[in-house]
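Participant: Right, I'll just put the structure down here and ask away after.
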Amino acid sequence: MAADTPLWTPTQDRIASAPMTAFMKAAAAKSGAAFSSYAELHRWSIDDREAFWSLVWDFCGLVGDKGERALIDGEKMPGAAFFPDAKLNFAENLLKKTGGGLAIVFRGEDKVERRLSWNELNALTSRLQQLFLSLGVREGDRIAAMMPNMPETVAAMLAAASIGAVWSSCSPDFGEQGVLDRFGQIEPVVFIAPDGYWYNGKAIEVADKVRAVAEKLATVGKVLIVDYLGTSSDVAATIDKAAALEEALEPFAAKALIFERLPFSHPLYILFSSGTTGIPKCIVHSAGGTLIQHVKEHRLHAGLLDGDRFFYFTTCGWMMWNWLVSGLASGATLLLYDGSPFYPDGNVLFDFADAEEMTHFGTSAKFIDSVRKAGLKPITSHDLESVRTISSTGSPLSPEDFRFVYDGIKTDVHLASVSGGTDIVSCFVLGVPIEPVWTGEIQGPGLGLAVDVWNDDGKPIRQEKGELVCTKAFPSMPIGFWKDPEGKKYHAAYFERFDNIWCHGDFAEWTAHGGMIIHGRSDATLNPGGVRIGTAEIYNQVEQMPEILEALCIGQDFDNDVRVVLFVRLAAGVSLDEDLEKRIRARIRTGASPRHVPAKIVAVTDIPRTKSGKITELAVRDVVHGRAIKNKEALANPEALELFRNLPQLAD
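Residue numbers for the sequence shown follow UniProt numbering, beginning at 1 and rising by one.
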């Protein structure tokens with residue numbers, strides 16, 4: 001396919017029916033301007049943020065008291081305040097739909113399947129709300145959950161938000177220290193955990209871990225054990241202050257929920273950075289900022305409609321879980337999946353899509369790449385007729401995988417590669433359903449977000465690589481970091497590089513089409529000879545080779561410079577011989593540039609990654625340089641780091 005030809009172009013009918021198009025007409029009526037393109041709409045959304053965000057509130061039907069002002073101190077970052085007079089409740093907005101239609105469809109691999117109607121979700125949330133109040137939970141208290149992605153987790157979060165408590169979660173595969181590194185900082189009053197979970201067809205018991213964690217969370221007054229394996233009562237009996245959730249709920253019959261309407265900036269979530277350079281940062285997000293940003297992204301950028309079937313493959317330790325559950329606010333049915341996306345094989349999520357008439361299929365770039373490398377072609381094995389959008393995030397989606405989505409999964413689908421992060425619990429750049437999709441490019445900046453790419457001198461650049469920045473305040477900026485009263489850590493994380501400018505830490509580039517390419521984290525970029533190189537450009541080349549399953553690249557300090565070192569995990573039966581090394585280097589030289597060619601190529605049997613599946617370049621770089629890794633608990637496979645220690649190949 002020619003480089004100047006889009007992979008996909010929406011039909012006129014699809015454009016006409018898109019919520020983005022309806023919003024554009026509403027924006028034109030509000031502003032008195034005519035918008036002939038998405039770029040023009042985006043420009044208005046950042047030039048008149050007060051009018052834009054006020055329109056989002058109205059267009060998306062937020063429930064609450066909006067107040068008179070949409071923005072004060074708008075030029076301060078941090079310091080701006082959106083909807084300073086507003087009062088709302090996050091849970092009220094997610095539970096405004098009622099009736100017998102489905103709110104949640106849940107699958108725990110092939111072991112568990114459950115369905116909850118909107119009325120049943122409301123009832124479960126009501127009973128949890130009453131339980132929390134009986135336990136003395138009050139506005140601002142923290143409720144922490146080490147939970148699978150299952151209906152009780154969603155209902156418990158909604159119950160917490162309904163009374164103004166602050167929710168924080170991680171997944172049950174975290175180690176004891178990883179859980180304590182997170183929840184130990186925020187002093188929860190209630191701790192929620194399962195009796196175990198299913199993964200790869202096996203029952204994984206967690207009673208010992210839950211007991212050890214609960215003993216060290218001194219502020220916890222109650223531990224609630226959710227039934228997943230059928231042993232919650234037995235597990236609860238072995239843990240101090242614990243009760244099986246079903247038994248704890250017995251005294252409470254469902255009744256009308258109480259929704260405490262609180263300020264727009266009231267804390268809703270505490271999320272955790274997943275880095276390996278120290279204990280995780282505790283990032284506090286507001287109810288109003290999270291809600292208005294998510295409904296904007298869902299309704300306008302994802303094109304989510306009432307009654308859609310909305311899926312994202314995620315755990316409760318990744319911000320995409322928080323993003324997914326907000327789909328309830330648009331009246332969508334949540335499709336929850338917990339477990340391995342490759343059990344019993346790589347078709348399981350596509351089976352789920354067909355069985356439940358999924359409309360939005362969300363996953364990671366790594367999953368798409370793994371499906372391609374496994375030789376699967378859902379386009380021939382599955383119907384997928386209902387799927388309108390396929391969304392990818394977690395790491396940059398390679399051009400090869402962009403093409404595979406259309407060649408191997410579905411030809412007529414909106415492929416929305418998105419990028420943002422835990423820091424903003426949302427996206428800076430994402431899908432635009434009324435625009436074409438180009439190979440390797442994220443379609444555009446989010447409405448209301450003044451996204452740009454700057455060079456080291458703080459000057460905007462086009463079609464060159466630089467720092468991803470946001471030059472104006474936006475609602476989903478964190479309230480701050482937990483226990484950072486003067487905001488010093490918060491300021492250092494995002495505003496130290498450029499004054500009054502959010503510097504995100506991504507290495508990015510605008511394209512000729514007004515889209516964006518993310519080249520990886522800027523703190524993991526390579527600097528051989530002082531020239532900055534993004535690691536994603538190397539991965540895009542070598543991971544197309546059938547001999548290579550996965551790659552990781554670092555810059556090694558060597559001989560008063562930095563040299564590029566490429567680690568490769570090879571396919572079965574493949575060895576890294578001189579011929580393969582030569583072909584790898586040739587591929588990178590012609591596909592990227594001579595500067596990208598690694599000085600050293602080393603074969604390894606495993607590559608370390610975080611719990612959310614991201615490879616950890618910085619941790620490997622630290623191991624190679626003999627530096628301590630302070631937060632191994634953030635890793636899914638910390639033992640893999642030892643494969644990179646004291647390698648003789650890197651000594652000369």
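A virtual CB, placed ideally from N, CA and C, is assigned to each residue, including glycine. Bear in mind that the values here come from a model prediction, so they are computed numbers and not experimental data.
Taking 8 Å as the CB-CB limit, is GLY591 close to chain C?
Facilitator: Of the chains in the structure shown, none is chain C; there is only one protein chain.
Participant: Could you tell me the distance, in whole angstroms, from the CA atom of LEU121 to the CA atom of SER233?
Facilitator: 23 Å
Participant: Is it true that the CB of GLY613 sits closer than 8 Å to the CB of LYS366?
Facilitator: Yes, they are a contact pair.
Participant: Can you find the residues in the same chain that come closer than 6 Å, C-beta to C-beta, to ASN646, ignoring five residues on each side of it along the sequence?
Facilitator: none
Participant: Assuming contact is defined by CB atoms lying nearer than 8 Å, are ILE239 and ASP195 in contact in what I supplied?
Facilitator: no
Participant: Reducing DSSP to helix, strand and coil, say where PRO638 ends up.
Facilitator: helix
Participant: Kindly give me the distance between the Cβ atoms of THR219 and VAL189, rounded to whole angstroms, as I take these residues to be in contact under 8 Å.
Facilitator: 6 Å
Participant: Would you decide whether GLU435 is buried or exposed? Buried here means 16 or more other CB atoms lie within 10 Å of its CB.
Facilitator: Buried, by the Cβ-count rule.
Participant: Check whether the stretch 153-166 touches the stretch 88-98, taking contact to mean three or more Cβ pairs, one atom from each stretch, closer than 8 Å.
Facilitator: Under the 8 Å Cβ criterion, the stretch 153-166 counts as touching the stretch 88-98, having at least three qualifying pairs.
Participant: In three-state DSSP terms, what is MET320?
Facilitator: helix
Participant: Counting along the chain, where does the alpha helix (DSSP H) carrying ILE584 start and finish?
Facilitator: 578-591
Participant: Kindly indicate the opening and closing residues of the beta strand (DSSP E) around TRP454.
Facilitator: 451-454
Participant: Only counting the same chain, and skipping five residues up and downstream in sequence, which positions put a Cβ closer than 8 Å to that of ARG497?
Facilitator: GLU467 and CYS503
Participant: Suppose you measure from the CA of ILE15 to the CA of PRO263; what does that come to, to the nearest Å?
Facilitator: When rounded, the distance between both Cα atoms is 36 Å.
Participant: Alpha carbon to alpha carbon, what distance is there between TRP118 and ASP308?
Facilitator: 14 Å
Participant: Straight-line CA distance for ILE368 to SER398?
Facilitator: 10 Å
Participant: In three-state terms, what does DSSP make of VAL425?
Facilitator: coil
Participant: Assuming PRO267 is part of the alpha helix (DSSP H), what are its boundary residues?
Facilitator: It is not in any alpha helix (DSSP H) - PRO267 instead sits in the beta strand (DSSP E) that spans 267-272.
Participant: Measure the Cβ-Cβ separation of LEU641 and VAL565 and say whether it is below 8 Å.
Facilitator: no
Participant: I'd like the list of long-range same chain contacts for ALA332, defined as Cβ closer than 6 Å, with 5 residues on each side in sequence excluded.
Facilitator: LEU304, ASP308 and PHE310
Participant: Is the beta carbon of ALA159 within less than 7 Å of some heavy atom of the ligand ATP?
Facilitator: For the structure depicted, the ligand ATP is absent and the ligand set is empty, with no information on it obtainable.
Participant: Could you give the C-beta distance for VAL418 and SER391, rounded to a whole number, given that I count them as a contact under 8 Å?
Facilitator: 6 Å
Participant: Just the Cα atoms here: how many angstroms apart are GLY362 and VAL387?
Facilitator: 10 Å
Participant: Quick check: the stretch 133-151 against the stretch 191-210, are there 3 or more CB pairs under 8 Å?
Facilitator: yes
Participant: Is the Cβ-Cβ distance between ILE479 and VAL284 less than 8 Å?
Facilitator: At the C-beta level, ILE479 and VAL284 come within 8 Å of one another.
Participant: Are at least three pairs of beta-carbons, each pair with one atom in the stretch 314-324 and one in the stretch 168-182, less than 8 Å apart?
Facilitator: yes
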